[in-house]
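In what follows, a single structure is set out as structure tokens and then discussed.
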Amino acid sequence: AQSVAQPEDQVNVAEGNPLTVKCTYSVSGNPYLFWYVQYPNRGLQFLLKYITGDNLVKGSYGFEAEFNKSQTSFHLKKPSALVSDSALYFCAVRASIKAAGNKLTFGGGTRVLVKP
Amino acid sequence: EAGVAQSPRYKIIEKRQSVAFWCNPISGHATLYWYQQILGQGPKLLIQFQNNGVVDDSQLPKDRFSAERLKGVDSTLKIQPAKLEDSAVYLCASSLAGGDAEQYFGPGTRLTVT
Numbered sequence: 261a262q263s264v265a266q267p268e269d270q271v272n273v274a275e276g277n278p279l280t281v282k283c284t285y286s287v288s289g290n291p292y293l294f295w296y297v298q299y300p301n302r303g304l305q306f307l308l309k310y311i312t313g314d315n316l317v318k319g320s321y322g323f324e325a326e327f328n329k330s331q332t333s334f335h336l337k338k339p340s341a342l343v344s345d346s347a348l349y350f351c352a353v354r355a356s357i358k359a360a361g362n363k364l365t366f367g368g369g370t371r372v373l374v375k376p
Numbered sequence: 007e008a009g010v011a012q013s014p015r016y017k018i019i020e021k022r023q024s025v026a027f028w029c030n031p032i033s034g035h036a037t038l039y040w041y042q043q044i045l046g047q048g049p050k051l052l053i054q055f056q057n058n059g060v061v062d063d064s065q066l067p068k069d070r071f072s073a074e075r076l077k078g079v080d081s082t083l084k085i086q087p088a089k090l091e092d093s094a095v096y097l098c099a100s101s102l103a104g105g106d107a108e109q110y111f112g113p114g115t116r117l118t119v120t
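As they're listed, the protein sequences go chains L and F.
Each residue of the first sequence is one higher than the one before, counting from 261 in the numbering used here.
Each residue of the second sequence is one higher than the one before, counting from 7 in the numbering used here.
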């Protein structure tokens, strides 16, 4: 069964400092990997995805993520965090092979708090 | 482009009552998903439709939950009878066909069962 681990419940960072949110995954075969962000009382918003190709993926709002196959990781990064980046971040994985029940599996989420 | 619409936004019911949620996906999106998000957890897929056919309902508690997507557009999710543990946010999402397509989520319906 596929799974996603986000080892940190919360990440605190000062505004202007680099932000990293960790994610590791387990899936059969090659993965499709996604990051979503959730602001209070709102649905999830898509940030970026890795499908194939370049291991460094760039997404919305200055975020990027690096796919590392050997470490089965897909950490989310932002060079300079803003107070408005404070939100709940979810990593998700889906197997690339077409099979019945090939669902998107989410991690438990990491709350990011950016302090002024 | 209009996003995924859901209603109602909030619902409070007593246990053993029934409730229904409605979702209107982004125009042209063939795939529609219903997720349950319990406080402090990531979303869990309940059911996935491709057009008006069910692709995956393996995690849907079929003794009390049901869902339909008539005409391959709007969808409804029903709970009957509700239990206390059904208190959660119910998220609807839609996407283009294909496992590599990102999903677009609605604002969710927050259900409280008392």
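Even for Gly, the Cβ is constructed at its ideal location relative to N, Cα and C.
Since the model is a prediction, treat every value here as computed from it, not as a measurement.
Could you tell me the distance, in whole angstroms, from the CA atom of residue i to the CA atom of residue j?
| i | j | result |
| --- | --- | --- |
| GLY46 (chain F) | ARG371 (chain L) | 10 Å |
| THR284 (chain L) | GLN331 (chain L) | 8 Å |
| PRO87 (chain F) | SER81 (chain F) | 19 Å |
| VAL120 (chain F) | PHE27 (chain F) | The identity of residue 120 (chain F) in the sequence shown is Thr, whereas the question assumes Val. Cα to Cα, the separation comes out at about 18 Å. |
| ALA352 (chain L) | TYR96 (chain F) | 18 Å |
| GLY367 (chain L) | GLY303 (chain L) | 16 Å |
| ALA274 (chain L) | GLY289 (chain L) | 38 Å |
| PHE306 (chain L) | LEU90 (chain F) | 31 Å |
| PHE55 (chain F) | PRO31 (chain F) | 11 Å |
| ALA360 (chain L) | ARG354 (chain L) | Because ALA360 (chain L) carries a pLDDT of 46, less than 50, the predicted location of this residue cannot be relied on, and no value is offered for it. |
| VAL374 (chain L) | THR365 (chain L) | 27 Å |
| SER72 (chain F) | ILE85 (chain F) | 7 Å |
| SER320 (chain L) | PHE111 (chain F) | 16 Å |
| LEU102 (chain F) | LEU279 (chain L) | 31 Å |
| GLU268 (chain L) | LYS77 (chain F) | 43 Å |
| TRP40 (chain F) | LYS68 (chain F) | 14 Å |
| TYR16 (chain F) | ALA347 (chain L) | 21 Å |
| ASN57 (chain F) | ILE44 (chain F) | 27 Å |
| THR115 (chain F) | GLN12 (chain F) | 7 Å |
| SER93 (chain F) | THR37 (chain F) | 25 Å |
| VAL271 (chain L) | ASP314 (chain L) | 27 Å |
| GLN298 (chain L) | PHE350 (chain L) | 8 Å |
| PHE327 (chain L) | ASN362 (chain L) | 20 Å |
Tell me which residue opens and which closes the beta strand (DSSP E) that residue i is part of.
| i | result |
| --- | --- |
| LYS84 (chain F) | 81-85 |
| HIS35 (chain F) | HIS35 (chain F) -> no beta strand (DSSP E), and no H or E assigned at all. |
| GLN331 (chain L) | Neither: GLN331 (chain L) is in no beta strand (DSSP E) and is coded neither H nor E. |
| VAL273 (chain L) | 270-274 |
| THR118 (chain F) | 115-119 |
| THR280 (chain L) | 279-281 |
Could you have a look at residue i and say whether DSSP puts it in helix, strand or coil?
| i | result |
| --- | --- |
| GLY78 (chain F) | helix |
| VAL287 (chain L) | coil |
| GLU324 (chain L) | strand |
| ASP62 (chain F) | strand |
| SER4 (chain F) | The question about residue 4 (chain F) has no answer, for chain F in this structure spans 7 to 120. |
| SER100 (chain F) | strand |
| LEU364 (chain L) | coil |
| SER72 (chain F) | strand |
| SER2 (chain F) | Nothing about residue 2 (chain F) can be reported from this structure: the residues present for chain F run from 7 to 120 only. |
| VAL372 (chain L) | strand |
| SER356 (chain L) | coil |
| VAL403 (chain L) | With chain L running from 261 to 376 in the structure shown, residue 403 (chain L) is simply not present. |
| VAL264 (chain L) | strand |
| SER13 (chain F) | strand |
Does any heavy atom of the ligand PLP sit closer than 6 Å to the C-beta of residue i?
| i | result |
| --- | --- |
| THR365 (chain L) | The ligand PLP is not part of the structure shown, which contains no ligands of any sort. |
Residues, ordered as in the chain, of the stretch 274-306 of chain L that lie near chain F by beta-carbon distance below 9 Å: Going along the stretch 274-306 of chain L in chain order, one finds TYR292, PHE294, TYR296, GLN298, ASN301, ARG302, GLY303, LEU304, GLN305 and PHE306 with a Cβ nearer than 9 Å to chain F.
Residues from the stretch 343-376 of chain L in contact with chain F, defined by Cβ distance under 9 Å: Under the 9 Å Cβ criterion, the stretch 343-376 of chain L contributes PHE350, CYS351, ALA352, ARG354, ALA355, SER356, ILE357, LYS358, ALA360, GLY361, ASN362, LYS363, LEU364, THR365, PHE366, GLY367, GLY368 and GLY369.
Interface residues of the stretch 55-86 of chain F facing chain L [CB-CB below 7 Å]: Answer in chain order: ASP62 and SER64.
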